[in-house]
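Residue numbering for the sequence shown follows the working numbering, starting at 8 and increasing by one per position.
This report refers to the structure that appears directly beneath it.
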Amino acid sequence: ILTELETLNNPSITSKVEQYRTLKNVLDQQKFNLQAAENNTNQETFNQLETELVELYSSKFNTSLNFQRDWKEVQKKLNNNEVAIEFVRYTKNQNTKYA
């Protein structure tokens, strides 16, 4: 989503994408350093920015994305021999892929 939004060459959108990426890195570091109070404020800002970017993407690329998932609803739809895996973070430049 972020890469596609950047292709619009809109300075305002590009700025939001950069802010989102920077804040995501800050939050990742804070989680490791357990800076809880500062983390809460940044997390709220991050969530708001993420929502804005998804809305921008949906409006600019005429698509509807729904990232809201209830794990209980997903679980109900699984067969007995199936599992659901949520990828929280995936590094694209990794050479080795694990399943």
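Virtual Cβ for every residue (Gly too), placed ideally from N, Cα, C.
- Excluding five sequence positions before and after Tyr27, the CB atoms of its chain that fall closer than 8 angstroms to its own CB belong to Leu9, Phe53, Leu56, Glu57 and Leu60, given in chain order.
- The C-alpha of Ser22 is placed about 32 angstroms away from the C-alpha of Ile92.
- Excluding sequence positions up to five before and after Lys84, its CB lies less than 8 angstroms from no other CB in the same chain.
- Exposure of Val81 is indicated by the presence of fewer than 16 other C-beta atoms within 10 angstroms of its C-beta.
- Residues of the same chain with a CB within less than 8 angstroms of the CB of Glu13, apart from the 5 flanking positions on each side, are Ile20, Thr21 and Val24 in chain order.
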